Amino acid sequence: MEKNHVDKNSKQYVIFRIGDQEFGADIHKVSIVEKMMNIARVPTTPPYIKGVINLRGEIIPVLSLRIKFGLPEIETDDDTRIIIFKFNEFALGVIVDAVYEVAVYNEEDIESVTSITNDRSYDYIVGIAKREGRLVTLINIKKLISDLLVKE
Amino acid sequence: MDMNQYLDIFVEESKEHLQQLNSSLLQLEKNNTDKQVLNEIFRVAHTLKGMAGTMGYIKMQTLTHHMEDVLDALRNDKITVDSNMVDILFRCLDALETYVNTVSLSGQEGHEAFQDITDALAGILKGNNVQAKSTETSPKTEETGSTEPGKLRVELNQYDINVIKAGLDAGMNVFEIHIVLDKGCLLKAARAFIVFQVLDGNSEVIKSVPKIEDIEDERFDFEFTVVAITEKSSDFFIKEINSVAEIEKVEVTPILHEHLDAGAVRTESKESDEVSEDENGANKVLSDQPLKKAHKTNKTVRVDIERLDTLMNLVSELIIVKNGLESSMENGQADDDSIEYLERITTSIHDAVMKVRMVPIEQVFNRFPRMIRDVARELDKDIELHMSGEDTELDRTVIDEIGEPLIHILRNSADHGLETREERKKMNKPPVGNIYLRAYQDGNNVVIEVEDDGRGIDVAKVRRKIIEKGLESAEMVNTFSDKEVVDYLFKPSFSTADKVTDLSGRGVGLDVVKTKIETLGGIVEVETEWGKGSKFSIRIPLTLAIIQALLVYIGSEQYAIPLSSISEIVNVSPEEIRKVRNQEVILLRDMVIPVVYLPQILEVPDSGAEKEEKSLTCVIVKKGDKFSAFIVDSLIGQQEIVIKSLGKILSGIKYIAGATILGDGNVALILDVNSLAL
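Order-wise, the sequence lines are chains A and B.
Per our numbering, residue 572 is the first one in the first sequence, and the count goes up by one each step.
Per our numbering, residue 151 is the first one in the second sequence, and the count goes up by one each step.
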């Protein structure tokens, strides 16, 4: 099942867990994975925005995917991680319950979700892949927070 | 040669020269016999011409060249200055500014030829003095078009050369035909079209300078040059083209193999740098190709070498301290003196770096005399602009942003503030209206004032407007002080102008000013007296990046309040808070100050323990000349903080101006006093 080499048709994904579900995000967008650190709350923001962190002198907003996905908040533990995503215009931290590994998926391993649902609100889901018999939801973080980017 | 590295310098210096030109032109208008001013203008035009020429900006060069002709005639008393002429010279200035801006954006001068201006310049020379024309313009033609006999005017690229070679090898004649149209020719494009018909019928035109499209659009001077391959003789073309009306001169130069070889050699020598050769060539033929390399110039600051020396000295001191610390570390003991020394140096370095970023506000101010002059003409008012404190320095980022709001306010003063001549006479005021533009430093702020001695703001009318527009009820408005009423002028889409003029009155002015100033961390206020005039004051912090701030606890969270907006800190007991019109206030030295409960507004989670405190800590902040009392849980202390942006996602968040990193690595948010204060 494990493939270690990356060819043209395959992409690397960082696999992480929220609740009992596993997700994957394109590794090219991930800058670094950090342990939990102090977060300064920012007032008047949506609840899933936990606040901002100081990442070596850089102020980076952090959001909780748990709250975004409507799951109850849990105490942070040793497994809790902040995945720092870097896009051209901004950086963003995402709190997840645990980060596992980097997996390589071929295009044919990934099943499109449009066959399952046409709901536009699931646009952030790139596809579903299998990992050791379990399903991994591949997501596009930028699309997930697009509502934050639209507003001025 | 690659010119890109010189672009920044070119743009920067051109801007300086244009500024010089601007002020000289204004002087010229006031005193049109001053030879010194004329010489100065001539010198600037000449310098610009040289610079443009070096950079290969042909159109800019041509324009300055025409300016020079006129200025030279002025210098030699062949013609005299009149306001029309100054207007045309100002238009030249605008055109040159357009060129320089295009250059700074794209690295090329663009396609605008400003034919009307060169025509107008030529018109001055011709219209005013026939003699001037004969002595001034003919050497000019000589100069621009001067090519030694046998040398070619057009530059041939490798492709042209190949085509020409093929033509010559096939036994055809290749001519470079230079056509000069009559200066009085009105329909240049039409004439050129007829010429091209002659050419097309008898030859194949392989190159044209300017390009045929430009000629069709009349984007050329009175002359153009084509390269044609033909079986006919040169005499045939001279005869045929001369038979077209309004042709002044036709020159036909045969192109031979020697030309091509010379051209080829030249091209080869430049081959090492193909891109720039390409660009150069593109410039020369005024090509319409998309810009090859969009070179964007960087923002630069000119720094006094003394300031850099200071910085340098401080850095060397820093190294000394570091060495001192190293040796004391080896001895295993911390050295208090060194730490203190270090602290002093870092503060000095901060100061020095800040100073490096500072630019005199003159850069913004010096475009205003010209603007006021234009506005005065447009409104038919006599306006005198008095400026002071041009050497006041501001951070470069502020300088870049402050111009636009100032233009708004100045135009506002000129248009709404100042009365017409007749009105002023009736009011027993001198006919010339005055606008004072002042800048000065006040503590950690820079204050910019725009004051006029016009009619002032009709507060009663503003009151009526507020009620008319349904913004507040009549009884509410009646309780407002004049000051509060005037503040409505800064609300969006609020204009009291009876008639909308080109300048102002559309209700999109002052609110834009206010927003802009507030993004710079500043405030804007108005003082006005009916019949006497009004004064707009803008107050902006000297620098944006590092500020002194008071750190406070709200709940368990730390926040920073910029020290510049804090006036004092007081403790009040809960009983002292009263309610006035549904607003809780405190009374401080007979001043009624509204209370802002920061824990509630910032939705700070309750730390649990319900503390029944005897006194509340109030930070009294100042917004303009109004005060608000911010209730915080406790004070931490004063600290110098570096302002960091919250980033794109969180930009525009209410109440928060940014974030800073504290000594322990934690993040504290900086409160936006402007949006929090009542």
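Cβ coordinates follow ideal geometry from the N, Cα and C atoms, glycine included.
All of these numbers come straight from a predicted model, not from anything done at the bench.
Is there at least one non-hydrogen atom of the ligand NAP closer than 7 Å to the beta-carbon of residue i?
| i | result |
| --- | --- |
| E634(B) | Among the components modelled here there is no ligand, and therefore nothing to report on the ligand NAP. |
When DSSP labels each residue in this structure, what does residue i get in the three-state scheme?
| i | result |
| --- | --- |
| G583(B) | strand |
| K611(B) | helix |
| I811(B) | strand |
| L819(B) | strand |
| G590(A) | coil |
| I799(B) | coil |
| M151(B) | Confidence at M151(B) is low in this model, with a pLDDT of 47, below 50, so the placement of that residue should be treated as unreliable; the coordinate-derived value is given next. Looking at M151(B) - three-state DSSP - the assignment turns out to be coil, as it is neither helix nor strand. |
| E190(B) | helix |
| E162(B) | helix |
| V400(B) | strand |
| K209(B) | helix |
| N670(B) | What sits at residue 670(B) in the sequence shown is Leu, not Asn. Of the three classes helix, strand and coil, the one that applies to L670(B) here is coil, per DSSP. |
| V623(A) | strand |
| K619(B) | coil |
| S706(B) | coil |
| H196(B) | helix |
| G655(B) | Its pLDDT being 44, under 50, G655(B) is placed unreliably by the model, and the measurement read from it follows with that caveat. Three-state DSSP puts G655(B) in coil, outside helix and strand. |
| T547(B) | helix |
Using the C-alpha atoms, what's the distance from residue j back to residue i?
| i | j | result |
| --- | --- | --- |
| F640(B) | V663(B) | 8 Å |
| G474(B) | N481(B) | 11 Å |
| V604(A) | L796(B) | 20 Å |
| E734(B) | A624(B) | 23 Å |
| G567(B) | A827(B) | 30 Å |
| E326(B) | D158(B) | 37 Å |
| A202(B) | M607(A) | 58 Å |
| V676(B) | Y249(B) | 38 Å |
| I830(B) | A263(B) | Not covered by the structure: residue 830(B). The range shown for chain B is 151 to 828. |
| M322(B) | F386(B) | 14 Å |
| R452(B) | K682(B) | 41 Å |
| H618(B) | I559(B) | First, the amino acid is wrong: residue 618(B) is Glu here, not His. For E618(B) and I559(B), the distance between alpha carbons rounds to 25 Å. |
| T829(B) | H328(B) | Absent from the structure is residue 829(B), since the part of chain B shown begins at 151 and ends at 828. |
| E540(B) | A272(B) | 37 Å |
| A699(B) | K579(B) | 47 Å |
| I610(A) | V636(B) | 43 Å |
| A674(A) | D650(A) | 19 Å |
| G604(B) | N189(B) | 37 Å |
| V220(B) | S256(B) | 30 Å |
| D332(B) | Q177(B) | 36 Å |
| D454(B) | T460(B) | 10 Å |
| I690(B) | Y709(B) | 22 Å |
| I391(B) | K357(B) | 17 Å |
Does the beta-carbon of residue i have 16 or more other beta-carbons within 10 angstroms, so that it is buried, or is it exposed?
| i | result |
| --- | --- |
| I589(A) | buried |
| T268(B) | buried |
| S635(A) | buried |
| L243(B) | buried |
| S164(B) | buried |
| E770(A) | The structure shown does not extend to residue 770(A), since chain A is modelled only from 572 through 723, so no value can be given for it. |
| D814(B) | exposed |
| H599(A) | exposed |
| K576(B) | exposed |
| P562(B) | One detail in the question is off: residue 562(B) reads as Asn in this sequence, not Pro. Buried: at least 16 other Cβ atoms inside 10 Å. |
| D591(A) | exposed |
| M508(B) | buried |
| H216(B) | buried |
| I616(B) | buried |
| K538(B) | Sequence check: residue 538(B) is Ser here, not Lys. Under this definition S538(B) is an exposed residue. |
| A779(B) | buried |
| E543(B) | buried |
| M741(B) | exposed |
| V585(A) | buried |
Between the region 611 to 634 of chain A and chain B, which residues of the former have CB atoms less than 9 Å from a CB of the latter, in chain order?
A611, R612, V613, P614, T615, T616, I620, G622, V623, I624, N625, G628, E629, I630, I631, P632 and L634
What are the residues in the region 650 to 672 of chain A lying within 8 Å of chain B by C-beta distance?
E660, F661, A662 and L663
Any C-beta of chain A within less than 9 Å: which residues of the region 794 to 813 of chain B qualify?
K794, S795, L796, G797, K798, I799, L800, S801, G802, I803, K804, Y805, I806, G808, A809, T810, I811 and L812
Residues in the region 539 to 567 of chain B with C-beta within 8 Å of chain A's C-beta atoms, listed in sequence order?
none
Could you list the residues in the region 586 to 609 of chain A with a C-beta less than 9 Å from some C-beta on chain B, going in chain order?
M608 and N609
Uninterrupted alpha helix (DSSP H) stretches inside the region 300 to 383 of chain B (no shorter than 4 residues):
308 to 319, 338 to 352 and 362 to 366
Closer than 8 Å, Cβ to Cβ, to anything on chain A: give me those residues from the region 814 to 827 of chain B, in chain order.
G815, N816, V817, A818 and L819
Ignoring anything shorter than 4 residues or poking outside the region 652 to 684 of chain A, list the alpha helix (DSSP H) runs there in chain order.
none
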